[in-house]
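Read the structure below first, then the notes.
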Amino acid sequence: MGFNVTCTPGREAAAAMVRVTPQVLALAIYLDPVNIAIQLPPFPGGSDVLMRFCRELSREAAKLADHLGSREGRHALVEEAPDART
Numbered sequence: 451m452g453f454n455v456t457c458t459p460g461r462e463a464a465a466a467m468v469r470v471t472p473q474v475l476a477l478a479i480y481l482d483p484v485n486i487a488i489q490l491p492p493f494p495g496g497s498d499v500l501m502r503f504c505r506e507l508s509r510e511a512a513k514l515a516d517h518l519g520s521r522e523g524r525h526a527l528v529e530e531a532p533d534a535r536t
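So the sequence shown is residues 451 to 536, counted in the numbering used here.
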């Protein structure tokens, strides 16, 4: 199945690995309010295809986050533990 979509994350956007069944994993992207689930391809070697895709997605998302963080300077989002501030 193929489709193209353009969207923006809402304030409560998130992503997670979820179990569809005990044997079937998926990547869930909660865009607030739209949700997308990327499931294991139903063909031999599908787990390898999904694994490569997730790794590529991770690399490219990190590049985008780094770029956005460097553009925003001192106001960039910094993830830290709540009690890590001193």
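Glycine included, C-beta positions come from ideal geometry on N, C-alpha and C.
- Bridge pairing for Asn485: Tyr480 [DSSP].
- In its chain, beyond the 5 residues on either side, Gly460, Glu462 and Ala463 have a beta carbon closer than 6 Å to the beta carbon of Asp482.
- Cβ-Cβ distances below 6 Å link Ile479 to Ala465 and Ile486 in the same chain, with the five nearest sequence neighbours on each side left out; the list follows chain order.
- In the DSSP annotation of this structure, the continuous segment of the beta strand (DSSP E) that includes Val468 starts and ends at Ala464 to Arg469.
- Here Leu490 carries a coil assignment [DSSP, helix/strand/coil].
- For Arg469, the CB contacts under 7 Å within the same chain, skipping 5 residues up- and downstream, are Leu475 in chain order.
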